[in-house]
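Engineer: Numbering (the numbering used here), first residue to last: 873 to 1478.
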């Protein structure tokens, strides 16, 4: 039998109040499982079980005042009663209240907070101080989250909602890259570009006559002001949400002394669980002239391009991936002459070939973007980029050059705690976000799995539930990350969205499939919107009609992809998709039409 005594959990306290009892009489528990939640005037904390076994006695109830040294729970740990011997610890004492003489441990519950002062330690039974690695802890938490990006702040809110005392640390700004210098500001400017494009090219066709013959002009300062307003509204909202949910917040750069101790601005904080959501930064090419190009402001990244003083007349984009194509579309729509340099045989190589082919045609024909594939960038000379194709050097001159070649992880501050890293220097984590260190988790870009905001956000929810589940918190679910169910979106004009496998992947893997492509040109809503470009392509397994992949290019593609995401999550088939009634007139009718063709073998409106 093991008697659990209430210990000093921080700052030399002597008493506390039981806020909630988390176990029941007769319940089987494991070492580390939460027994009860205690509140004091200095610190709140869950109290873990020092041993595993069955709850034999509960000597506390909700609202009860307890003092350090009080026996609060008795756990039957399965150990036989033995008489004291010389080998037994001198601190053992006999428990007369239990039938048969049972040794009782005088060890107190392990501290989850700072080590007690010397004076407080002397007041504990047998004058045994709680073992803590660092004696100058500022405050103790169940969970510390490093990074208030979209993954970090979501995980912090969720852990707090699940009853865990949570601290979040951010070195720069709430919302991270996505809200401040990524998804949101980019989409704000893309909206400006789309409206401008529609006015210039579609107004007359839609029956709108301009009062003057002058074409509209972009007020770039106003566009940037609107972009900043959207960002500020969202980031202030993040801070408010964290506060609303009781998450303590610190601005500063964090580093870990060990897996349970984080330092910010010279102050140390203890945690039982550490979530690393430190994100990523743009990659940089180590080529001749590039450092000088960055220093002079010619070579810019995806952050700096959002705050250019004026719309450039010419722009070179190194990298024909998602970020490069989004910015290429944005500035081309505003009148910039854009050149894209891509090292692969085609731009957007991760997409289905039919989507890539159509997008390439649109970029060239509609936006007059010059695209060079199989291009090997060699150096920057002044305001020119030198690149090689088929062994011959070429040169393109522009006002600016966007360096858009992916992102790299940020692990600074966590290099020396024993984390297992990949070859890309990303933190290796499993489907729960767990690393090789017990109690240390990694989510989002820092894991290099799929660098998308919604992936980080969902990973934050998964990890928060994992931590709460281990602590036996009510409401916690057993969730896992499934990276095969992640939708991807590109906010170009037209938009692109996909989930699952491409047709070329299925061919390469030898997987049998059926595919059908339905064009938006046959959809009434697309005709009414004067936006008929693109299609919906569905790929399914022919026997059971499970979804293998879905690919959309066209207006509202990024909204429509969620129907396929839900279908996959619910393990639905093309049959359910075809039988679902799609409202008319909507763009989503194309999904129902493509599904019907796969289901019956015949198209209705094509």
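From the three backbone atoms N, C-alpha and C, an ideal C-beta is built for every residue, glycine too.
Can you tell me whether residue 1108 is buried or exposed, with buried defined as 16 or more other CB within 10 angstroms of its CB?
Structural biologist: Per the 10 Å Cβ criterion, exposed.
Engineer: Residue 1210 and residue 1187: beta carbons closer than 8 Å?
Structural biologist: Yes. Within cutoff.
Engineer: In the DSSP assignment, what are the bridge partners of residue 1121?
Structural biologist: DSSP lists 1040 as partners of residue 1121.
Engineer: Assign residue 1067 to one of two classes, buried (16 or more other C-beta atoms within 10 Å of its C-beta) or exposed (fewer than that).
Structural biologist: So residue 1067 counts as exposed.
Engineer: Do you know how far the Cα of residue 929 is from the Cα of residue 951?
Structural biologist: Computed Cα separation, rounded: 16 Å.
Engineer: Starting from the Cα of residue 1337, find the closest Cα among 1189, 1194 and 1313 and give me that residue.
Structural biologist: Nearest option by C-alpha distance: 1313.
Engineer: Which partner residues does residue 1279 have in the DSSP bridge list?
Structural biologist: In DSSP, residue 1279 forms a bridge with 1154.
Engineer: Can you give me the Cβ contacts of residue 942 inside the same chain, cut-off strictly under 6 Å, excluding the 5 residues immediately before and after it?
Structural biologist: Answer for residue 942: 878, listed in chain order.
Engineer: Using a threshold of 8 Å, state whether the C-beta atoms of residue 1298 and residue 1276 are closer than that.
Structural biologist: Not a contact, by the Cβ cut-off of 8 Å.
Engineer: Between the region 1109–1120 and the region 1065–1082, can you find at least three pairs of beta-carbon atoms closer than 8 Å?
Structural biologist: Contact between the region 1065–1082 and the region 1109–1120 is absent, because fewer than three Cβ pairs lie under 8 Å.
Engineer: Within the same chain, show all residues whose beta-carbon is closer than 7 Å to that of residue 898, passing over the 5 residues directly before and after it, in chain order.
Structural biologist: The answer, listed in chain order, is 926 and 927.
Engineer: If you reduce the DSSP assignment to three classes, tell me which class residue 1225 lands in.
Structural biologist: Note: residue 1225 maps to helix in three-state DSSP.
Engineer: Rounding to the nearest angstrom, what Cα-Cα distance links residue 1341 and residue 906 in this structure?
Structural biologist: Between residue 1341 and residue 906, the C-alpha separation is close to 10 Å.
Engineer: Taking the CB atoms as reference points, tell me whether residue 1072 and residue 1057 lie closer together than 8 Å.
Structural biologist: No, the pair does not count as a contact, with Cβ atoms beyond the cut-off.
Engineer: Whose C-alpha, out of 1335, 1035, 1459 and 1062, is nearest the C-alpha of residue 1351?
Structural biologist: Cα-wise, what sits closest to residue 1351 is 1335.
Engineer: Answer with buried or exposed for residue 1477, where buried requires no fewer than 16 other C-beta atoms within 10 angstroms of its C-beta.
Structural biologist: It counts as exposed.
Engineer: Check each candidate in 1467, 1246 and 1238 and name the one with the smallest Cα separation from residue 1190.
Structural biologist: Checking every option, the nearest Cα to that of residue 1190 belongs to 1246.
Engineer: Using 8 Å as the threshold, is the C-beta distance between residue 890 and residue 947 below it?
Structural biologist: Not in contact: residue 890 and residue 947 (Cβ atoms no closer than 8 Å).
Engineer: Just the Cα atoms here: how many angstroms apart are residue 1161 and residue 1250?
Structural biologist: Cα-Cα distance, rounded: 9 Å.
Engineer: For residue 1224, collect the residues of the same chain with a Cβ closer than 6 Å to its Cβ; drop the 5 residues on either side in sequence, then sort them by chain order.
Structural biologist: Hits under 6 Å: 1374, 1375 and 1423.
Engineer: Name the DSSP beta bridge partners of residue 901, please?
Structural biologist: 925, per the DSSP bridge assignment.
Engineer: Of the choices 1196, 1022, 1080 and 1129, whose alpha-carbon is the least far from that of residue 1050?
Structural biologist: Nearest option by C-alpha distance: 1022.
Engineer: Pick out the complete beta strand (DSSP E) segments inside the region 1018–1080, 3 residues or longer, and give them in chain order.
Structural biologist: Listed in chain order, they are 1038–1042.
Engineer: Buried or exposed: residue 1145, going by 16 or more other Cβ atoms within 10 Å of its Cβ?
Structural biologist: Result: buried.
Engineer: CA-CA distance, residue 1437 and residue 1310?
Structural biologist: So the two alpha carbons sit approximately 32 Å from each other.
Engineer: Is it the case that the CB of residue 939 approaches a heavy atom of the ligand MN more closely than 7 Å?
Structural biologist: With respect to small molecules bound, the structure shown includes none, and the ligand MN cannot be examined in it.
Engineer: Can you tell me whether residue 1330 is buried or exposed? The criterion is at least 16 other CB atoms within 10 Å of its CB, across all chains shown.
Structural biologist: Answer is buried; the Cβ neighbour count reaches 16.
Engineer: By how many angstroms is the C-alpha of residue 949 removed from the C-alpha of residue 1014?
Structural biologist: If you take the alpha carbons of residue 1014 and residue 949, they lie about 25 Å apart.
Engineer: Taking the alpha-carbon positions, what's the residue 1294 to residue 1303 distance?
Structural biologist: Taking the straight line from one Cα to the other gives about 16 Å.
Engineer: Straight-line CA distance for residue 1095 to residue 1020?
Structural biologist: Each residue's alpha carbon lies about 26 Å from the other.
Engineer: I need the boundaries of the alpha helix (DSSP H) containing residue 1432, first residue and last residue.
Structural biologist: Its alpha helix (DSSP H) spans residues 1429–1441.
Engineer: Once DSSP output is grouped into helix, strand and coil, what is the label at residue 980?
Structural biologist: Its pLDDT being 38, under 50, residue 980 is placed unreliably in this model, and the value from its coordinates should be taken loosely. Strand at residue 980.
Engineer: Can you check which of these residues, 1104, 1080 and 1039, is closest to residue 1060 by C-alpha distance?
Structural biologist: It is 1104 whose Cα lies nearest to the Cα of residue 1060.
Engineer: If you follow the alpha helix (DSSP H) that residue 1315 is in, where does it begin and where does it stop?
Structural biologist: Note, residue 1315: premise wrong, no alpha helix (DSSP H); not H, not E.
Engineer: Please name the residue in 1289, 1284, 1397 and 1370 whose C-alpha comes closest to that of residue 1043.
Structural biologist: It is 1284 whose Cα lies nearest to the Cα of residue 1043.
Engineer: With DSSP as the reference, label residue 1179 as helix, strand or coil.
Structural biologist: Residue 1179: helix per DSSP, three-state reduction.
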